[in-house]
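Undergrad:
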Amino acid sequence: MAYEFSENIQRGILFLLKSKKDFYLQIINLVEPEYFEFPSHSNIFSVVKNHYGKYHSLPTDDFILESLRGSISRREDIADYEDELSYVNSLDTSAIENPDYYMDLIEAFAKKEAMKKAIQECIILTKQDKIEETEAVVRKALTVARTVDIGQNYFSGLKDRWDRTFNEEHKDKYSTVLNT
Numbered sequence: 004m005a006y007e008f009s010e011n012i013q014r015g016i017l018f019l020l021k022s023k024k025d026f027y028l029q030i031i032n033l034v035e036p037e038y039f040e041f042p043s044h045s046n047i048f049s050v051v052k053n054h055y056g057k058y059h060s061l062p063t064d065d066f067i068l069e070s071l072r073g074s075i076s077r078r079e080d081i082a083d084y085e086d087e088l089s090y091v092n093s094l095d096t097s098a099i100e101n102p103d104y105y106m107d108l109i110e111a112f113a114k115k116e117a118m119k120k121a122i123q124e125c126i127i128l129t130k131q132d133k134i135e136e137t138e139a140v141v142r143k144a145l146t147v148a149r150t151v152d153i154g155q156n157y158f159s160g161l162k163d164r165w166d167r168t169f170n171e172e173h174k175d176k177y178s179t180v181l182n183t
C-alpha cells in the first residue's frame with residue numbers, strides 16, 4: 004500500500020509536511036507512514052508526526068536527524084537520511100508552490116485506501132454476522148476527507164461587528180412589560 008506517485012511527488016509531500024503547518028494539519032489524519040514507498044520517507048514522516056504531537060510545532064531538519072539517530076537500525080546510515088532531506092529541500096520550488104495539488108492527490112489516495120481497508124474489514128465482520136459494526140466501518144471510510152473545522156472565523160466580519168457594536172442605536176434588545 005504505497006503512494007502511486009513518483010519519488011519527487013513523495014518528496015514534495017514530505018517537504019510541505021515538514022515546512023507548512025496548514026498542509027500538515029490537513030493531511031496528517033489521511034497519511035500513514037506505510038503509504039510511502041521508501042523506508043527513509045516513512046521514517047521522516049513518522050518523526051515529523053511524533054514531533055508535532057509532542058511539541059505542537061514542526062521540526063527543523065536538525066531535529067529530524069537527531070530523532071532518527073536513535074530510531075534507525077544499525078544497518079542504516081544517518082548520512083542516507085541527510086542526503087534524503089537534502090533532496091527534499093532542493094526540490095524545484097515551482098513543484099511545491101501549489102500545495103492544493105498535493106492535497107488533492109493525497110485525499111483521493113486516502114479515500115481509496117480507506118475504502119479498500121473497510122471492505123477487507125467488512126468481509127471479516129460479515130462472516131462473524133456483525134452487521135452494525137460493518138455499517139460503522141463503511142461510514143467511517145466514507146467520511147475520509149481533509150476538511151479541517153477551525154470553527155468560526157471571528158475576524159472575517161470585522162466591519163459588521165464594528166457597525167453592530169458602535170453604530171447601532173442604543174435601544175432595548177428585549178421588549179418587556181416595563182419598556183413597551
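Position one of the sequence shown corresponds to residue 4 (my numbering), numbered consecutively onward.
For each residue, glycine too, the CB sits at the ideal point set by N, CA and C.
Treat the numbers as computed from the prediction; the structure is a model and nothing was measured.
Taking all protein chains shown into account, decide if Ile-67 is buried (16 or more other Cβ within 10 angstroms of its Cβ) or exposed.
TA: In the sequence shown, the residue the question calls residue 67 occupies position 64. Looking at its Cβ environment, which holds 16 or more other Cβ atoms inside 10 Å, Ile-67 is buried.
Undergrad: Out of Val-51, Ala-144, Ile-47, which one is the CA nearest neighbour of Ile-81?
TA: On the sequence shown, residue 81 is found 78 positions in, with the first residue counted as 1. Ranking Val-51, Ala-144, Ile-47 by Cα distance to Ile-81 puts Ile-47 first.
Undergrad: Measuring alpha carbon to alpha carbon, tell me which of Lys-162, Phe-18, Ile-127 ends up nearest Thr-63.
TA: Taking the sequence shown and counting its residues from 1, the one referred to as residue 63 is at position 60. When only C-alpha atoms are compared, the closest one is Phe-18.
Undergrad: DSSP three-state call for Arg-77: helix, strand or coil?
TA: In the sequence shown, residue 77 corresponds to position 74, counting from 1. Three-state DSSP puts Arg-77 in coil, outside helix and strand.
Undergrad: Secondary structure at Leu-71, three-state DSSP: helix, strand or coil?
TA: Locating residue 71 in the sequence shown gives position 68, counting from the first residue. Reduced to three states, the DSSP call for Leu-71 is helix.
Undergrad: Exposed or buried, what is Ser-89 when buried is set at 16 or more other beta-carbons lying within 10 Å of its beta-carbon?
TA: Residue mapping note: residue 89 aligns to position 86 of the sequence shown, counting from 1. Its Cβ having fewer than 16 others within 10 Å, Ser-89 is exposed.
Undergrad: Can you check which of these residues, Gln-13, Ser-70, Tyr-104, Leu-61, is closest to Arg-149 by C-alpha distance?
TA: The residue you call residue 149 lines up with position 146 of the sequence shown. Here the closest residue by C-alpha is Tyr-104.
Undergrad: Pull up the CB-CB distance for Tyr-27 and Leu-61, whole angstroms please, since I reckon it's below 8 Å.
TA: As a first step, residue 27 is located in the sequence shown; it is residue number 24 there, counting from the start. As a first step, residue 61 is located in the sequence shown; it is residue number 58 there, counting from the start. Indeed, because the Cβ distance is near 6 Å, the residues count as touching under 8 Å.
Undergrad: Below 8 Å, can you find three or more Cβ-Cβ pairs linking the region 134-148 to the region 113-120?
TA: Because the criterion of three Cβ pairs below 8 Å is met, the region 134-148 and the region 113-120 touch.
Undergrad: CB Glu-35 to CB Gln-13, shorter than 8 Å?
TA: As a position in the sequence shown, residue 35 is number 32, starting the count at 1. As a position in the sequence shown, residue 13 is number 10, starting the count at 1. For Glu-35 and Gln-13, no; Cβs fall outside 8 Å.
Undergrad: Quick one: is Lys-57 buried, meaning 16 or more other Cβ sit within 10 Å of its Cβ, or exposed?
TA: In the sequence shown, counting from the first residue as 1, residue 57 sits at position 54. Exposed is the call here.
Undergrad: Kindly indicate which three-state DSSP category Glu-40 falls into: helix, strand or coil?
TA: Within the sequence shown, numbered from 1, the residue matching residue 40 stands at position 37. Here Glu-40 sits in coil by DSSP.
Undergrad: In terms of alpha-carbon separation, which member of Gln-131, Asp-83, Gln-123, Lys-24 lies closest to His-54?
TA: Counting from 1 along the sequence shown, the entry for residue 54 is found at position 51. For the residues Gln-131, Asp-83, Gln-123, Lys-24, the minimum Cα distance to His-54 belongs to Lys-24.
Undergrad: How about Ile-109 and Ile-31: do their beta carbons lie closer than 8 Å?
TA: Numbered from its first residue, the sequence shown carries residue 109 at position 106. Numbered from its first residue, the sequence shown carries residue 31 at position 28. No. Outside cutoff.
Undergrad: For Leu-94, which residues from the same chain have a beta carbon less than 8 Å from its beta carbon, with the 5 sequence-adjacent residues on both sides left out?
TA: Within the sequence shown, numbered from 1, the residue matching residue 94 stands at position 91. Hits under 8 Å: Asn-11, Arg-14, Gly-15, Phe-18.
Undergrad: Just tell me which of Thr-96, Ser-43, Asp-65, Lys-133 has its CA closest to the CA of Asp-83.
TA: Taking the sequence shown and counting its residues from 1, one reaches residue 83 at position 80. Looking at the Cα atoms, Ser-43 is the closest of the given residues.
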